[in-house]
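K.L.:
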Amino acid sequence: MVLGSVLFASLLLIMNWMHIRFLYSGTYSRLQKGEKTVNLSPIASASGIGYLLAQLILSSFFVESVKILIIIGVFSILSVATAYFSTSIHKYFYIRRNIEKVKQVYPQFGLPKKLRT
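Each residue of the sequence shown is one higher than the one before, counting from 1 in our numbering.
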């Protein structure tokens, strides 16, 4: 229980650290401009799917209950989803603090849908 909590907290911290690193290194702006050098989505997808499959395979050998396997699968998906969505919180706070800078880059930001071109 304690180890799971520590791993979950470290997953959140690592995801946020990576997000901040990508934000301030200009990786996100290069990706928006189409200047990407490496396509990371297959790598990220493969590592996540590999982790989930390995967890289910190892659990199937050592756990006899299907209910436990389902709980492990759901917990794995929820932990990765929580870490992914926690990066959106940083974006939200950045936009709230720097609304004028955001409107300089994206003049249509905050306008109703009818007024956007």
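Built from N, CA and C at the ideal position, the CB exists for glycine as well.
When the Cα atoms are used, what is the spatial distance from residue 52 to residue 114?
P.N.:
Counting from 1 along the sequence shown, the entry for residue 52 is found at position 52. Counting from 1 along the sequence shown, the entry for residue 114 is found at position 114. Cα to Cα, residue 52 sits roughly 43 angstroms from residue 114.
K.L.:
Go ahead and pull the three-state DSSP assignment for residue 65.
P.N.:
Position 65 of the sequence shown, counted from the first residue, corresponds to residue 65. DSSP places residue 65 in coil when its eight states are reduced to three.
K.L.:
Using only alpha-carbon positions, find the residue among 16, 50 and 60 that is nearest to residue 82.
P.N.:
The residue given as residue 82 occupies position 82 in the sequence shown. Among 16, 50 and 60, the Cα nearest to that of residue 82 belongs to 16.
K.L.:
Hey, residue 72 and residue 59: beta-carbon distance below 8 angstroms or not?
P.N.:
Indexing the sequence shown from 1 puts residue 72 at position 72. Indexing the sequence shown from 1 puts residue 59 at position 59. Cβ distance < 8 angstroms, so residue 72 and residue 59 count as in contact.
K.L.:
Measuring only the C-alpha atoms, how far is residue 99 from residue 13?
P.N.:
Counting from 1 along the sequence shown, the entry for residue 99 is found at position 99. Counting from 1 along the sequence shown, the entry for residue 13 is found at position 13. Cα to Cα, residue 99 sits roughly 26 angstroms from residue 13.
K.L.:
At 4 residues or longer, what runs of the alpha helix (DSSP H) sit wholly inside the region 11-55?
P.N.:
27-33
K.L.:
Give the DSSP-derived three-state secondary structure of residue 75 in the structure shown.
P.N.:
Numbered from 1 along the sequence shown, position 75 holds the residue referred to as residue 75. Secondary structure of residue 75 (DSSP, three-state): helix.
K.L.:
If you draw a straight line from the alpha carbon of residue 76 to that of residue 43, how long is it in whole angstroms?
P.N.:
Position 76 of the sequence shown, counting from 1, holds the residue named residue 76. Position 43 of the sequence shown, counting from 1, holds the residue named residue 43. So the two alpha carbons sit approximately 18 angstroms from each other.
K.L.:
Report the three-state DSSP secondary structure of residue 8 (helix, strand or coil).
P.N.:
Working through the sequence shown from its first residue, we reach residue 8 at position 8. It is helical.
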